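Engineer: Let me begin by handing over the structure; questions about it come next.
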Amino acid sequence: MQSGQLDNCIICGRLFLKDHTDSCLDCYREIEHNLNLVADFLEIDQNRYATIEEVSEFTNVSVKQIAEFLRDGLIFSEDYPNLGYRCAHCGKLIKRQLLCNECFNRFSTDVNRTLMQEKLLNEIDSK
Ligand SMILES: [Zn+2]
Ligand SMILES: [Zn+2]
0 MQSGQLDNCI ICGRLFLKDH TDSCLDCYRE IEHNLNLVAD FLEIDQNRYA TIEEVSEFTN
60 VSVKQIAEFL RDGLIFSEDY PNLGYRCAHC GKLIKRQLLC NECFNRFSTD VNRTLMQEKL
120 LNEIDSK
């Protein structure tokens, strides 16, 4: 077993012993709690067609965090027809990656694609 190293929590900035996560235990528990709230909400049959805004409203979990759950595959969005988040460029509803296919294809011909993705990530973070 490899021992962890100290790092700053990506959420609260506190120093913590980095193990499997990028956040400290407190933030990790908070995220896990939020994930359970969202998963429980979606388990109810009549909530299957909820949008991300509705889920956020009912669970008090931020749209940004729910989008992260979807992007990380923690919530399987294919099961929920209306559940997705906005393409970082054109705002279309998507279920994976940062960009919709059209925008991705457009940027993938761009030599600055990596830079562009970083810029978009920063934009999302600042929202
Ligand atoms: Zn933290
Ligand atoms: Zn797009």
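Mapping to numbering that gives the first Met the number 0: the sequence shown position 93 is 92, numbers consecutive.
Beta carbons: idealized from backbone N, C-alpha and C, even for Gly.
No experiment lies behind these values; they were computed from the predicted model shown.
Assuming residue 64 is part of the alpha helix (DSSP H), what are its boundary residues?
Structural biologist: Its alpha helix (DSSP H) spans residues 62-70.
Engineer: Could you tell me whether the stretch 78-86 touches the stretch 62-69, using the rule of 3 or more Cβ pairs below 8 Å?
Structural biologist: Output reads yes: the stretch 62-69 touches the stretch 78-86.
Engineer: Can you tell me where the alpha helix (DSSP H) with residue 25 in it begins and where it stops?
Structural biologist: Counting along the chain, the alpha helix (DSSP H) containing residue 25 begins and ends at 24-42.
Engineer: What does a CB cutoff of less than 8 Å around residue 90 pick up in its chain, not counting 5 residues either side in sequence?
Structural biologist: Closer than 8 Å at Cβ, skipping near neighbours: no residue.
Engineer: Looking only at C-alpha atoms, which of 78, 25, 17 and 73 sits nearest to residue 36?
Structural biologist: Taking only the C-alpha atoms, the option nearest residue 36 is 73.
Engineer: Out of 8, 50, 48 and 45, which one is the CA nearest neighbour of residue 30?
Structural biologist: Closest by alpha carbon: 8.
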